Every structure is written in structure tokens, then in C-alpha cells.
Amino acid sequence: MAEMNLTLKIWRQDGPNDPGGFKSYTVNGLNTHMSFLEMLDVLNEKLVNTGDEPVAFDHDCREGICGMCSMVINGRPHGPLEGTTTCQLHMRHFNDGDTVTIEPWRAKPFPILKDLIVDRTPFDRIIQAGGFVSVNTGSAPDGNAIPIGKEISDEAFDAAACIGCGACVAACKNASASLFVAAKISQLALLPQGQPEREERVVGMVKQMDDEGFGHCTNTGACEAECPKEISVDYIRKMNWEFHRANVKG
Amino acid sequence: MLNSRIPDGPLAEKWTKYKSKVPLVSPANKRRLDVIVIGTGLAGASAASSMAEMGYNVKTFCFQDSPRRAHSIAAQGGINAAKNYQNDGDSVYRLFYDTIKGGDYRSREANVHRLAEVSSNIIDQCVAQGVPFAREYGGTLDNRSFGGVQVSRTFYARGQTGQQLLLGAYSALSRQIAKGNVTMYNRHEMLDIVVIDGKARGVIVRNLITGEYERHFGHAVVLATGGYGNVFYLSTNAMGSNVTAAWKAYKKGAMFGNPCFTQIHPTCIPVSGEYQSKLTLMSESLRNDGRIWVPNKKGDDRRPLDIPEDERDYYLERRYPAFGNLVPRDVASRAAKERCDTGFGVGPTKLAVYLDFKDAIKRLGQDVVSARYGNLFEMYEKITGDDPYTTPMRIYPAVHYTMGGLWVDYNLMTTVPGLFAIGECNFSDHGANRLGASALMQGLADGYFVLPYTIGEYLSNDIRTPTIPTDHEEFDKAEKDARDRNDRLLNNDGSRSVESLHRDLGHIMWENCGMARNEINLTSAISEIQSLKRDFWDKVSVPGRDDVLNPELEKAGRVADFIELGELMVRDALDRRESCGGHFREESQTEEGEAKRDDENFTFSSAWEYTGEETEPTRNKEELTFDTVQLTQRSYK
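Residue numbers (our numbering), protein chains in the order written: chain D, 180 to 429; chain F, 677 to 1313.
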């Protein structure tokens, strides 16, 4: 395993209202088997040992499923590898001597809290605006009383695979949350369980998305290209259709 | 003195009778009762939403940026339920029996039976929420077999069952937040429990963004804070998973049950270096088709493909012909350790064994193998850079789950009245070893179908308690303790990073309280941990301030608690002079090296009681009685 040295240009910002800027660091003696976040751990331990504040970044499961990690690496959300979260990106995809630029998600509805950490609570509020089936605990019929064809079920699953990381927003020039919102709307619109609230769900969630200040869809597909779960932009088409259908039905 | 409050009557009728007799709280009174829930994993999110639907005022806290991120989300394999949809003879009794036996007869019959009873309801509830479980072409739910049981009772959603179940619970929680029935506090960490007149009455939390300390009152407090596997530093747990909430509860009088019961999962990606921050699980399902082997010559450095068939030792098939590669987790883990300890390990660190799909690909074709395991193979390749289709995977056991946790009675209440513990953070249902696909089942059983009933027994006696103002002296004291501790961490003029101290703790725990334990090592581990604790408080260096977002400070507090927990785990492991489930005492094994239980002396759960900083904890016993199942020695030969 080859050793590597890197120069890192990392966005540092004390708090939401403080000015931020890039700071350069060198890290030496890295190992190609490290994950990207382990590379940052090495930097942070070095900073702590010299009495400096480590770089704050969100991370938790480090298995690519919790959706917590969120960095723009060399201009791309979650870095250069397709279908991969930052935590699953490994250093073998970089070269010795590289300069790597690391920034937070940049979108007005996701204010920076510190360094690379942003506030993604708008996503929670969008789900609260209708991203559920209203079924109280205890009132469910038998699981097999609701047959669902495998194709429909698989299609709903593809949408449900969204991890809510926000890379779609970070990738979009308009900071649109369309892919995130469309994924949940599509999952529930495809399934029989989602039918009773189908119209009010799409109207409510789209309104909340707009109220949070996310921009319009650019139709460029940047979101799909950067989505670590490779969720298709076709779901945005489906959301638009659902939205118009709901308005026509009144 | 421990009262487990198990209802009378025949095992299969206890829960039904309990439900029809438990006192109810009227809707008008529910509105006046505040319940605090800490944690938003499967247990916490399901409990919070269910109680809010019932009419309680719920306040919920999580340290992550959103309740949807809790570590339940990472569960891959599936969730068990005694539906018998496959018509293969499954029943509530069989699920109950498998769980008791799998737990090596160290869990409570009544709790486990209740778990099996409500398992079916969980599937119904999740389907109704829109959880996209795997389906047959005819539209019915699909099942698979898991963890070596003889029936197919595991429901799954590709390799992301935990994610889909958690998003279901999160959606139910979101609905209640929107209705104003739950107040959600993201990025808040619980730092202490407030106990007033012997009852849990609130919590101190720190807002992780602003650093502010907050006081919250509740008529009851529910901990749903997960397991403590990160005491080993390296585990498959998320980086933030921690014991702090449960540990504070312990120090406020909640007893800790079977802390040494740890599950070490056999199929994880091996450690590759000192920088490693966490370990990644490869689903147990891989053992359905993969064959595990090591070279039969010590220190054989050839590439796996160059090692001919007759120079390979398929040691699980050799030792356990009846179950082969499908032996339970604890057995498979110990066997891998035995091979590596005796010098047959492979890979750069020699702490790995091969999991080989060559024969499966020959037998089934690459397409079938890819359909079954494609996403896992892809994940393996992302992490290691090796392609499992052409070269065998390297795997090694890793800490995955903790069966131990806060001791709770049948109502899931700890020994502090009004303080409840649900999901992995209690000790309740898995005994000394957990079966695959049972953690999700227990988390959702506790949260959707058990606690919402059992909490009523406590709260029905509490309807006259008015809201206690948070300027009460016990709130003052608890907040001051939390602040003082953080001040001490920040003002310590030390030189060592939290990370390096945590790594030291992990090393002590893994070497002495891991897959094999003995008297000598455990005894020396106690003094090593005590000395590490002194080192921690003398030498730790925590930069930054406490009135801002400071992840290093959060980590420091958690590691300080892990160190203390580590000592308790070692004490428990030392005290239990038998092998059972994941707890293997080298002094207690058969001539063939298999675990030997000692039912005569150890058919009990240990409940450890905190007695002060300077004194040793007291071990209390809950004797386990088995009225329905007969205790037998597990054999997989």
C-alpha cells in the first residue's frame, strides 16, 4: 500500500454569521486504503495535537446509508466516484501530491453551521408536510391483505432508497430539492397505501419545498449524476405529473 | 429485591391478560402528561409516534442532524416475524423457542414470548406505512431464511431493511411533529437524568449547535439510545453511537444488566491499519453460499487462487458438519479467531479468513450470485479494492451488537421509577446471544406495541403530578454537574487527543473482554482501565469552547463514559464464570473447545448497581426460571 501526501484546501467557518474562507493543510504519510473521512481524521488528530480546532464535519454510519456525511470534494458533492457517499470514498482514487478542495454543501436553504456542517432541517419539514401515510399504530390490516406487484414494489423501492443527504441540492445550480421531494412523492404515489392522501401530499410537500427557498428544477440532471444512490430524474417528471394531476382534480 | 413484574398465568396468555388489565389513562389526562424520549432509532421513533398518537405530549431528542439518521438505518439483513406466510410450520412458539435457545437460555421467557407474539403486528404496521418490503410476483410478501433457523420468517427490503423500517418510523414521527403532538429536538445530546423524590422527572440536554444547556421536564423518561459497541473503539456501530445516556441512568440508580454480553459478528471487513475508524459488516446472508477457509499450512503467503483445493482447510465444515458455514454468529466468530491465533490467518495483518464464492459461482452461475449478493460485493470492492467474483473476500469478526443494557422489568421500566429503556439499550430479550434479524424486531416491538401499553401502568398513577418547574434544585444540580464536567474537559491542560485515548480503551477491551475471556486477563484489564481513566482526566486535550458547535467536546464526554462502562463490562465478565452465547470463558469449555454453560450456578441475569465513584458496584441477581423450555447444551456438530 503506497503512502501518499496531500494538500487540502478546506472551508473553515466559525458559525452561521461568521465569514468563512479556505485554509490550506498538508497531510503526509496517508495510506491508499484509508477512507476519505479517515484521511480527515488523521488531519484532525494532528490539529488537536497542536492545540488547533479540528475541522467540523457531519458523519455517522460511515457505511453509506445514514446520509449524514456531506462534502463537496473538488467541486463535486461526495467527490469523484459515482454512486458513492463521501464516507465510502477511499484514498486509492486520489494521487500522491494532489491538492484536494473540500467545501460544505452550498445552498441558501442549508445555512452553514460550522466548517463543513450545514443545517438540513428543511428536509425534515418537507417530510412533515406530507411525506407519510396516515396510519396509527395498531390499525394496520394484515401485511398480505395489500398485494403489490413486484415491478411496482421495486420501482417504489428505487425511489425509497434516498438517504436524504442533500447532494442533489448541492449539485443543482438552482439549489433545487426536486429530486429529494420527488423520490418520496413517487414512492408513496406508486403504492396503494399512498393513494388516499396522494393529492394533498404532493401539494403540501411542493409548497413546503418552495417555502423553504429551494429553487426550481434546472432540468440538467446534475442531481441524478451526483446522487450517491443514483436516484433517477424520472421521478421528478413523475412529481410534476402528480402535482398537475392533483391541481386538476382540485 | 429485583422485581421483574412478570404477570401470572400460562406463558402464552400473560401478555393478552396483561393488556386487558393494565390501567388506562383517560384522554383528558394523557394531554396533561409529558413523556420524554431520547433517541430516534427504530425503538425511539416508533415509541414517540405511537405515544403521541395516543394523546401524550411527547418531546423527542436526537444528537444527529435529523431523526432519520439513527443507526438502525444501517441494518442490512431483515426482520423476523412469526407470520408463517411460507407455510413451513412457523409459529409464535417456534420464534419464541429459537430466540430463547439462540440466546443460550439467559433471557426471560415472558418477555421473549411477548416479542414473538407482537412480531406479526410489526410487519402489518410497516407495510401500512408504505415500507417497500421484498415481494413475490403475485404481490405477496417474500421471506428468506436467516441465521441458520429452519423456517423462512425473515422479511427484508433488499440489503436495506433497517433503512426502510426506520424511514417508516420516521414518517410516523414526522406526522406527529407536524400535528404538534411531538416536539422534536435535533442535534441535542442528553447529558443527565433528573431524579426527583426517587422518580425520573426530566433531563438535561445540550444543544449541540449553540452549546446551550437546556432543562426538560417529563412525567416519564424513555431511553432509546442504542447499544454500546463503540466501547471497543472499532465496531460496526455508527461513529456517534454511545453509552452516555444509559450510563447517566446507571449512575442515577438504574441497574445495568449483563454488560459483558456482546455480539461479535463473524463476517466483517478486516482491520487494515491503525487509522481505521470503524468496521463494516458484510451481511450474514453471505454464509448461505460462501465457503469459509484458511490455508492448512501456517503462514502460507501465496495468493488464495494459487492455493490448491487439498491445501485448504474449510474449518467450519470440518468442525461442524451438521451446520457447516451456517453455525450461529458466536460459534463462527470464535472459530475464525482460533484459526488466526494459531497462525493460519491470511492477508497483510494475518487477522482474516477467506469467504469464497468460487463454488457458488460454479454451481449457480455469476448472474444468480450477483442477484443475491451484488450490492454487498460492490460495497466490498469499494472498501477493499478487491473483486469478490474473482478473488475470495477476506473477513474477520467485529463487535456488532450489545445484548446487555439497562435492566428492565416486564414493563420495560428500569430500577428508577418512571425511567424506561427500550430497544438495544435495554438488556431484555436476547440473552447472551442475539439471532440475526431480531434486533429490528425488538426495537419496533418495544416502540410500537409494548411500551405504549406498559408505560400506562406507571403514568396512570401519576395523573395528579403537576408539571414540576425546571428551577427545582435537582435540575440545578444536574445542570451544574453537566457544565462542570464539560468545563473540566475543556480546561484540562493535557496533551492527548480523545481519539488516542479511545483507541487505547478499545485495545484493552478487545484483547481482554472480546471473543475469549479468562480470569487472568480480565483481572489485569480492570487495573489497566482504571489507569486509563486517570490518564484520561490528566492528559486529555479538548480544544474549543462549549458555547459553540464542538464535536471534539461531544466525543470527549462519550469516551469518558465508555471508559467507566468498560470497567463494568470486565467486572461482569469476570463474575460470570461460565461460557454462554457471546461470552466465552476459556476456563469453561469442553474438551473439543466448545462453550460450556453452567446452568447450576449461572441461570440468572446480572444487574449491576452503582454505589459511588470510589466503591465497587454491587451485583444483584435476577434468577431466570424456565417453565416452558428445557435447557439443553447447544450443539451444531
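Cβ coordinates follow ideal geometry from the N, Cα and C atoms, glycine included.
Quantities reported herein were computed from a predicted structural model and do not represent experimental measurements.
In this chain, Trp284 (chain D) is not harboured by any beta strand (DSSP E), its DSSP state being neither H nor E.
Taking 8 Å as the CB threshold, Ser696 (chain F) stays off the interface with chain D.
When the five nearest sequence neighbours on each side are left out, the beta carbons in the same chain lying within less than 8 Å of the beta carbon of Ile325 (chain D) are those of Pro371 and Gln372, in order along the chain. Glu890 (chain F) is bridged by DSSP to F:Val881. Where Tyr1072 (chain F) is concerned, the enclosing beta strand (DSSP E) starts and stops at Met1069 to Thr1078. Neighbours of Val312 (chain D) in chain F, taken as residues at a C-beta separation under 8 Å, are given in chain order as Ala804, Gln805, Gly806 and Ser847. For Cys944 (chain F), the enclosing beta strand (DSSP E) stretches over residues Thr938 to Cys944. A distance below 8 Å between beta-carbons, with the five flanking residues on each side excluded, links Ala1232 (chain F) to the following residues of its chain, in chain order: Leu1165, Val1174, Val1216 and Val1218. Distance check between Gly383 (chain D) and each of D:Cys396, D:Ala361, D:Gln267 and D:Cys402 places D:Ala361 closest, using alpha-carbon atoms only. Straight through space, the alpha carbons of Thr943 (chain F) and Ala1074 (chain F) are spaced by roughly 8 Å. Rounded to whole angstroms, Ile1196 (chain F) and Glu1243 (chain F) show a C-alpha spacing of 15 Å. For the pair Asp1274 (chain F) and Ala235 (chain D), the Cα-to-Cα distance works out to about 49 Å.
By the C-beta criterion, the segment 833 to 852 of chain F is judged to be in contact with the segment 722 to 730 of chain F, since at least 3 inter-stretch pairs fall below 8 Å. F:Arg829 is the residue among F:Ala750, F:Gln1265, F:Arg829 and F:Thr1091 whose C-alpha sits nearest the C-alpha of Ile799 (chain F). Chain order gives no chain D residues near Asp764 (chain F), where near means a beta carbon separation below 8 Å; the closest approach is about 15 Å. Shortest Cα-Cα distance from Tyr1312 (chain F) to any of F:Asp1163, F:Val1007, F:Thr716 and F:Asp1223 involves F:Val1007.
It is roughly 12 Å from the alpha-carbon of Glu261 (chain D) to the alpha-carbon of His272 (chain D). Of all residues in the segment 782 to 803 of chain F, only Ile799, Asp800, Gln801 and Val803 come within less than 7 Å of chain D when Cβ atoms are compared, listed by chain position. The closest CA to that of Ala1115 (chain F), considering only F:Gly856, F:Glu1100 and F:Ala1249, is found on F:Glu1100. Assignment of beta-bridge partners to Phe831 (chain F) by DSSP yields F:Ile755. With the rule of 3 Cβ pairs closer than 8 Å, the segment 1269 to 1283 of chain F counts as touching the segment 779 to 791 of chain F. Residue environment for Asp1105 (chain F): buried (at least 16 other C-beta atoms within 10 angstroms of its C-beta).
By alpha-carbon distance to Leu1177 (chain F), the top candidate from F:Asp986, F:Leu1208, F:Glu1149 and F:His1148 is F:Leu1208. Around Ser767 (chain F), the same chain offers Ala758 and Asn760 as residues with beta carbons nearer than 7 Å, after the five sequence neighbours per side are excluded. Between the C-alpha atoms of Gly1107 (chain F) and Arg744 (chain F) there is a straight-line separation of about 28 Å. Runs of the alpha helix (DSSP H) lying entirely within the segment 929 to 1001 of chain F, each at least 4 residues long, are 991 to 995 in chain order.
In the three-state reduction of the DSSP assignment, Ser214 (chain D) falls in the strand class.
Taking 8 Å as the CB threshold, Glu261 (chain D) stays off the interface with chain F. Beta-bridge partners of Met418 (chain D) (DSSP): none assigned.
Short of 8 Å from the beta carbon of Cys240 (chain D), and not among the five residues preceding or following it, lie these beta carbons of its own chain, in chain order: Met247 and Cys266. Identification of chain F residues near Val382 (chain D) by a Cβ-Cβ cut-off of 7 Å yields none; the smallest Cβ-Cβ distance measures about 14 Å. Contact annotation for Met270 (chain D) against chain F: no contact, minimum CB-CB distance about 10 Å [criterion: below 7 Å]. The segment 213 to 228 of chain D makes no contact with the segment 310 to 326 of chain D; the number of CB pairs closer than 8 Å stays below 3.
Assigned with DSSP and collapsed to three states, Leu817 (chain F) falls in strand.
In this model, Leu1082 (chain F) and Pro703 (chain F) are separated by some 30 Å (Cα to Cα). Between Leu1111 (chain F) and Ala792 (chain F), the alpha-carbon positions lie close to 13 Å from each other.
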